[in-house]
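Note that the protein sequences, when read in sequence, are chains A and B. My numbering applies: residue 1498 is where the first sequence begins, and numbers increase by one. My numbering applies: residue 4 is where the second sequence begins, and numbers increase by one. Glycine included, each C-beta is placed from N, C-alpha and C at the ideal position. Since the model is a prediction, treat every value here as computed from it, not as a measurement.
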Amino acid sequence: MKKSHIEESIFKALMYFSLVLVAGSLGFIMLTVLIKGLPALNLAMLTQTPKGGFYLGKEGGILNAIVGSLYLATGATLLALVFSLPLALFLGTYARRWRWADYVRLSLDVLWGVPSIVYGAFGFTIMLALGMRASLLGGIIVLALLEIPIMTRAMDEVIRMMPFEIEGASFALGSTRLETAIKVVTRQMLPGIVTAILLAFGRAIGDAASVLFVAGYTDRMPTSLFRPVASLPLAVFFQLGTPFPEVQRRAYAAALVLTVIILAVSLGSRWISGRLGKYTIK
Amino acid sequence: MIIRSQKGEPLTTTRSSGKRSNLKNRQAKDRLAGSAFFLISIVPFVILVTLIIALLLRAWPILELKSIGELLTGRDWHPSQGKFGFYPFIIGTFWVTIVALILAVPACLLSAIFLSEYCRPKTCAFIKPIMDLLAGIPSVVYGVWGVVAIVPVVQAIGPRMDAMFGYIPLFSDTNPTGFSILAGGLVLAVMIAPFIIAVTFEVLRAVPDGVRQASLAVGATKWQTIKYGVIPHTRAGIFAGIVLGASRALGETMAVLMVVGNVPTVPKSIFDPAYPLPALIANNYGEMLSIPLYDAALLGAALVLLLIVLFFNVISTLVLRHIIGTRHV
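Rendered as structure tokens:
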């Protein structure tokens, strides 16, 4: 065999190895969470709020955190959608050939890279200035800030993939840019838009660093926008930080619940976008 | 198709006044929506500027008292005595990030090359969801994995490395817990891997196929084509991708915080604990209002972190724009 072929085989082997390493880490993580979390998981964990002495290993569950996380992520996703969808449509239709669009994309990319702890600290300073306390509303607003760049850029990307002919056909029929954006682009790109929304939802529900400051933590169920709210990532974090093995086991269970939610969102988005794909022009 | 309101009438020749005002109406709506959209498109800039200004304002009390150089190079962190030196934290942040990059980059580059050059569409379709999932796992779950699986491993290999390479300060182990820079770096490496792979993959795909065909046509093997044809084309892009990955790693909070040990000293070995900036902010938010200047110092730390991340992020984003356009990766 020639030297060049030997080199090729060596590097190919290394490539396979790297890929197995990366994919294997996913398996390793999933397996760890499953092995640690499954024995600790039971119905009481999912259906009860913490009782007295919960953090010493007594009775109770993490229902408050599950519900709190769903509230936070749903509220933030809806709030982010209000900004993201018009912004993405603007970039894809009105500003299609404007230089301004590139600057907006740049600003979104930069915002996307801002660490979530900085968003948290920022939200905290704003809330101090306004005299607000840690609350569900604060958490929703900060998570929405985190979601806007992710959601907008993901939507923008699918809108840019749309063939211009479809838009052109709509313009040729005499419709305005607004009508094209709402009635043609949105419908044609619905699967991609839904995927973007669920992607952002997944990011929001898993983010701990930003809600640490602004949403607080509580053992009660969320009842008001102006009260602190528990969240799953923080439930994992706080419980793992205690010295009691009983409580740490619950952290594993909470991590498993969080992972299952993320997996469900991810698989769900594939399924939904597949279903919605029926109503688009291929 | 989808536009039902038109019914195919030619718009400009419609003379009836009702239709005409309808058109005017629609055009007015179009312009109004345009202005509203434009206003919304300013929002990202507003957020960015407000972020910086708000942090600067809150950090101002400490910036007024101490020079920036003093804060950035000070080694003492004793908030109750009014000593706020960011140096150990900044250095800790970079240590963890660099270890993560050293561990992640070779495997990521090889994976990206495989995905873009060798892999059949079917295999690719199988790998993509794996990367998406890996990128979607919440950082606390990475943290749990780190505590349960990585820290004990580091704890076990630490003394062995120390026995073998202990004469090199970088590998000496004086920390029996396993909560260390290496543990943080390992967890972080897995976290940024899907990200670096995605960017590098896009960069490699942006190389024109002509380059590959020309090289193959003169009898080069596939690997030679990649080594001498494709990679020289993409050096800047790959570098930018790595820098973008680094900017992600710098700001990562929870997973690192959980495994890195959080001791505010200047580390000397990969087995030493460190205390990165994000961990500092996250750990002390509770008591920061009880000690004078503490909140200003912590929000100053957030500002320093933001500026470091923005620096890396903006540079790499601008380089990548030249190479792969404004594609979202």
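I need the DSSP call for residue 1680(A), collapsed to helix, strand or coil. As a first step, residue 1680(A) must be located in the first sequence, where it is residue number 183. Residue 1680(A): helix per DSSP, three-state reduction.
Residues in the segment 1573-1594 of chain A having any Cβ partner in chain B nearer than 8 Å: 1580, 1583, 1584, 1586, 1587, 1588, 1591, 1592
- Message: Can you pull the chain A neighbours of residue 183(B), defined as C-beta to C-beta under 9 Å?
- Response: What you label residue 183(B) is simply residue 180 of the second sequence in a count that begins at 1. Near residue 183(B) there are no residues of chain A at all, since even the closest Cβ is about 18 Å away, more than 9 Å.
Discussion item. Taking the straight line between their C-alpha atoms, what separation do you get for residue 1637(A) and residue 1576(A)?
Written reply: As a first step, residue 1637(A) must be located in the first sequence, where it is residue number 140. As a first step, residue 1576(A) must be located in the first sequence, where it is residue number 79. Near 8 Å, if we compare the C-alpha coordinates of residue 1576(A) and residue 1637(A).
- Could you name the residues of the segment 234-268 of chain B whose beta carbon sits closer than 9 Å to any beta carbon of chain A, in the order they occur along the chain? 247, 250, 251, 253, 254, 255, 256, 257, 260, 261
- Taking residue 1664(A) as part of the alpha helix (DSSP H), name the residues at either end of that continuous run. In the first sequence, residue 1664(A) corresponds to position 167, counting from 1. Unbroken alpha helix (DSSP H) run through residue 1664(A): 1661-1669.
Review point. If you run the structure through DSSP and keep just helix, strand and coil, what is residue 1513(A)?
Key: For the purposes of this step, residue 1513(A) is taken as the residue at position 16 of the first sequence. In this structure, residue 1513(A) counts as helix in the three-state DSSP scheme.
*Would a check of beta-carbon distances place residue 1622(A) closer than 9 Å to chain B?*
Taking the first residue of the first sequence as 1, we reach residue 1622(A) at position 125. True, the Cβ-Cβ gap to chain B drops below 9 Å.
Run through DSSP, which three-state label would residue 129(B) get?
-> By one-based count along the second sequence, residue 129(B) stands at place 126. Three-state DSSP puts residue 129(B) in a helix.
*asked:* Does any residue of chain A have a CB that is nearer than 9 Å to the CB of residue 320(B)?
replied: On the second sequence, residue 320(B) is found 317 positions in, with the first residue counted as 1. True, the Cβ-Cβ gap to chain A drops below 9 Å.
Residues from the segment 191-222 of chain B in contact with chain A, defined by Cβ distance under 8 Å: 193, 196, 197, 200
* Reference residue 1730(A); option with closest CA among 1517(A), 1566(A), 1509(A), 1673(A) -> Position 233 of the first sequence holds residue 1730(A). Residue 1730(A) has its Cα closest to that of 1566(A), out of 1517(A), 1566(A), 1509(A), 1673(A).
Self-check item: Residues bridged to residue 86(B) [DSSP beta-bridge criterion]
Solution: In the second sequence, counting from the first residue as 1, residue 86(B) sits at position 83. Bridge partners of residue 86(B): 81(B).
Q. Candidates 73(B), 194(B), 316(B): which alpha carbon is nearest residue 146(B)'s?
A. In the second sequence, residue 146(B) corresponds to position 143, counting from 1. For the residues 73(B), 194(B), 316(B), the minimum Cα distance to residue 146(B) belongs to 194(B).
Review point. Residue range of the alpha helix (DSSP H) that residue 1702(A) falls in?
Key: On the first sequence, position 205 is the one that residue 1702(A) refers to. First-last of the alpha helix (DSSP H) with residue 1702(A): 1687-1703.
Alpha carbons only, please: which of 1711(A), 1744(A), 1716(A), 1691(A) is nearest the one belonging to residue 1764(A)?
The residue labelled residue 1764(A) in the question sits at position 267 within the first sequence. The candidate whose alpha carbon is nearest that of residue 1764(A) is 1691(A).
Decide yes or no for the touch test of the segment 120-131 of chain B against the segment 250-267 of chain B: beta carbon pairs closer than 8 Å, at least 3 of them. no
Does the pairing of the segment 1599-1618 of chain A with the segment 255-262 of chain B give three or more beta-carbon distances under 8 Å? yes
Does any residue of chain A have a CB that is nearer than 9 Å to the CB of residue 105(B)?
For the purposes of this step, residue 105(B) is taken as the residue at position 102 of the second sequence. Not an interface residue.
Indicate the three-state DSSP secondary structure (helix, strand or coil) for residue 103(B) in the structure shown.
Residue 103(B) sits at position 100 when you count from the first residue of the second sequence. Three-state result, residue 103(B): helix.
Original post:
In chain A, what lies closer than 9 Å to residue 278(B) by C-beta?
Top reply: Numbered from its first residue, the second sequence carries residue 278(B) at position 275. Neighbours of residue 278(B) on chain A: none; closest Cβ ~14 Å, over 9 Å.
Measuring only the C-alpha atoms, how far is residue 150(B) from residue 262(B)? What you label residue 150(B) is simply residue 147 of the second sequence in a count that begins at 1. What you label residue 262(B) is simply residue 259 of the second sequence in a count that begins at 1. Their backbone Cα atoms lie some 6 Å apart in a straight line.
| Which residues does DSSP pair with residue 1521(A) in a beta bridge? | As a first step, residue 1521(A) is located in the first sequence; it is residue number 24 there, counting from the start. According to DSSP, which records beta bridges pairwise, residue 1521(A) is partnered with nothing at all.
Residue 277(B) by DSSP, collapsed to three states: which one?
Within the second sequence, numbered from 1, the residue matching residue 277(B) stands at position 274. Three-state DSSP puts residue 277(B) in a strand.
task = Could you spell out where the alpha helix (DSSP H) holding residue 71(B) opens and where it closes?
result = Here residue 71(B) refers to the residue found at position 68 when the second sequence is read from its first residue. Taken as a continuous stretch (DSSP letters only), the alpha helix (DSSP H) holding residue 71(B) covers 71-76.
**Study point:** Beta-carbon neighbours of residue 1501(A), restricted to chain B and to distances below 9 Å
**Key:** Taking the first residue of the first sequence as position 1, residue 1501(A) is located at position 4. Within 9 Å Cβ-Cβ: 223, 224, 226, 227.
Query raised in the report: Do the segment 1674-1681 of chain A and the segment 1690-1709 of chain A touch if we need at least three Cβ pairs shorter than 8 Å?
Result: no
*asked:* Given this structure, state the Cα-to-Cα distance separating residue 295(B) from residue 80(B), to the nearest angstrom.
replied: Position 292 of the second sequence holds residue 295(B). Position 77 of the second sequence holds residue 80(B). If you take the alpha carbons of residue 295(B) and residue 80(B), they lie about 14 Å apart.
For a test of the three-state rule: what should DSSP assign to residue 328(B), helix, strand or coil? Numbered from its first residue, the second sequence carries residue 328(B) at position 325. The answer is coil: DSSP assigns residue 328(B) none of H, G, I, E or B.
Assigned secondary structure, residue 264(B) (DSSP; H/G/I helix, E/B strand, else coil):
Along the second sequence, read from residue 1 onward, the residue named residue 264(B) stands at position 261. Strand.
Quick test of your reading: residue 1666(A) and residue 281(B), contact by CB under 8 Å. State the CB separation rounded to the nearest angstrom.
Reading the first sequence from its first residue, position 169 is the one you call residue 1666(A). Reading the second sequence from its first residue, position 278 is the one you call residue 281(B). So it is not a contact: roughly 49 Å between Cβ atoms.
Nearest residue (CA-CA) to residue 203(B), options 112(B), 54(B), 27(B)
Here residue 203(B) corresponds to residue number 200 of the second sequence, with the count starting at 1. When only C-alpha atoms are compared, the closest one is 112(B).
Taking any Cβ of chain C, which residues in the segment 1634-1650 of chain A have a Cβ under 9 Å from it, in chain order? In summary, chain C is missing from the structure at hand, where the protein chains are A and B.
TODO: Find the residues of chain A that neighbour residue 147(B), judging by a C-beta separation of less than 8 Å, and give them in chain order.
DONE: For this step, residue 147(B) is matched to residue 144 along the second sequence. Within 8 Å Cβ-Cβ: 1529, 1530, 1533, 1733, 1737, 1748, 1749, 1752.
Cβ-based neighbour list, residue 75(B), same chain, cut-off 6 Å, excluding 5 preceding and 5 following: Mapped onto the second sequence, residue 75(B) falls at position 72. Once the five neighbours on either side are set aside, the close Cβ partners of residue 75(B) are 89.
Exercise for the section: Could you tell me the distance, in whole angstroms, from the CA atom of residue 1632(A) to the CA atom of residue 1620(A)? Expected result: Position 135 of the first sequence holds residue 1632(A). Position 123 of the first sequence holds residue 1620(A). Going by the C-alpha atoms only, they are around 11 Å apart.
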